[in-house]
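**Student:** Below you will find the structure I want to go over with you.
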Amino acid sequence: MKHKHSIMTLLLAGCLSISFISCLDEHDDEFAAAEKEKKRIEEENKKFEQIKEVSVSGEIGGYSYVDLGLPSGLKWATVNVGATKPTDFGSYFAWGETESKDEFLRDNYKWFDGELYTKYIKESAITKSDNKTVLDPEDDAAFANLGDKWRMPTAEEMQELINGCSWRFNINFSNTGVAGLVGMSKTNNNVIFLPAGGCKSIMSGSNPSGFYWSSSFGKNEFSGSNYAYYLYFNPYNTDMIEHTRLEGRSVRAVTK
Numbered sequence: 000m001k002h003k004h005s006i007m008t009l010l011l012a013g014c015l016s017i018s019f020i021s022c023l024d025e026h027d028d029e030f031a032a033a034e035k036e037k038k039r040i041e042e043e044n045k046k047f048e049q050i051k052e053v054s055v056s057g058e059i060g061g062y063s064y065v066d067l068g069l070p071s072g073l074k075w076a077t078v079n080v081g082a083t084k085p086t087d088f089g090s091y092f093a094w095g096e097t098e099s100k101d102e103f104l105r106d107n108y109k110w111f112d113g114e115l116y117t118k119y120i121k122e123s124a125i126t127k128s129d130n131k132t133v134l135d136p137e138d139d140a141a142f143a144n145l146g147d148k149w150r151m152p153t154a155e156e157m158q159e160l161i162n163g164c165s166w167r168f169n170i171n172f173s174n175t176g177v178a179g180l181v182g183m184s185k186t187n188n189n190v191i192f193l194p195a196g197g198c199k200s201i202m203s204g205s206n207p208s209g210f211y212w213s214s215s216f217g218k219n220e221f222s223g224s225n226y227a228y229y230l231y232f233n234p235y236n237t238d239m240i241e242h243t244r245l246e247g248r249s250v251r252a253v254t255k
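Position 137 of the sequence shown, counting from 1, maps to 136 under numbering that gives the first Met the number 0, and the rest follow consecutively.
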């Protein structure tokens with residue numbers, strides 16, 4: 000009986016030792032991974048500190064673009080629609096409109112007749128869906144202002160941009176006094192800059208965050224036909240959001 004007890008004790012001790020070693024190995028792996036990530040971020044921060052200008056990969060129709068090595072092959076304009084340089088805010092557009100304006104109200108929105116939306120409509124008790132999920136070319140601010148080689152990105156394409164770059168909010172990009180979001184491609188290190196031009200609406204006027212329209216109609220079932228998707232960012236957060244299409248927001252064009 001003692002012999003069996005000794006064997007069991009040895010087996011138990013061996014199992015505990017293996018478990019302890021396994022825990023140590025897991026801890027070492029986690030520590031190594033954390034150190035590797037810390038080093039990666041430090042090296043990335045050094046690269047961001049050296050950025051003084053955006054990358055230019057080519058030109059189409061008189062407008063420059065940057066190739067960020069995105070899976071879709073999509074190229075992004077280097078300036079906002081209505082801007083002449085990367086740090087300019089450019090023009091502001093309501094979603095589905097192609098001309099800028101001074102006031103952004105429901106009463107002067109192109110696709111509102113005083114009672115109901117007249118295009119890009121969801122099914123409701125008093126409206127019939129027109130089954131449109133993205134802007135038609137004639138309602139696309141990029142297409143209308145830059146030419147038929149350019150268009151506004153969809154919400155999915157904006158998410159691809161977010162995922163395909165590392166980002167830092169810079170309060171004074173290249174000593175211009177302009178705040179905005181700096182993106183560096185994870186594939187080729189090319190750089191894009193999105194100035195924080197705010198938005199224009201009944202309530203907000205403008206603010207230091209960035210608001211960039213996509214061409215995608217909103218999916219929120221409680222919003223009626225009122226919402227569309229846009230890229231929003233501030234010093235602490237970057238996300239795709241859907242909200243009222245009446246407000247004036249920036250547009251950054253894409254091309255193939």
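Where is the CB? At the ideal position from N, CA and C, for every residue including glycine.
Only a predicted model underlies this, so the values are computations on that prediction, with no experimental measurement involved.
On a Cα-Cα basis, can you pick out the residue from M183, H242, F192, S128 that is closest to N225?
**Tutor:** Among M183, H242, F192, S128, the Cα nearest to that of N225 belongs to H242.
**Student:** Could you work out which residue in L115, I170, E98 is closest to K106 when comparing CA atoms only?
**Tutor:** First, the amino acid is wrong: residue 106 is Asp here, not Lys. Nearest of L115, I170, E98 to D106, Cα basis: L115.
**Student:** Report back the beta-carbon spacing between A195 and W212 to the nearest angstrom; my notes put them in contact at under 8 Å.
**Tutor:** With 8 Å as the limit, A195 and W212 do not qualify as a contact, their Cβ atoms being about 15 Å apart.
**Student:** Any heavy atom of the ligand SAM closer than 7 Å to the beta-carbon of R167?
**Tutor:** The ligand content of the structure shown is nil, which means the ligand SAM is not present either.
**Student:** My output table needs one value for I125: the three-state DSSP class, helix, strand or coil.
**Tutor:** Coil.
**Student:** Kindly indicate the opening and closing residues of the alpha helix (DSSP H) around A141.
**Tutor:** 140-145 is the extent of the alpha helix (DSSP H) around A141.
**Student:** Whose C-alpha, out of N233, I50, A31, is nearest the C-alpha of N188?
**Tutor:** If we check each option's Cα against that of N188, I50 comes out closest.
**Student:** Leaving aside the five residues before and after T86 along the sequence, list all residues of the same chain whose C-beta is less than 8 Å from its C-beta, in chain order.
**Tutor:** Counting only Cβ-Cβ distances below 8 Å, and skipping sequence neighbours, we find F172, S173, T175, V177, G179, F192, P194.
**Student:** Examine the Cβ distances between the stretch 234-248 and the stretch 84-100 and report whether three or more of them are shorter than 8 Å.
**Tutor:** Yes, they touch.
**Student:** For the pair the stretch 31-50 and the stretch 128-136, tell me if three or more CB-CB distances fall below 8 Å.
**Tutor:** At 8 Å Cβ cutoff, the stretches do not touch.
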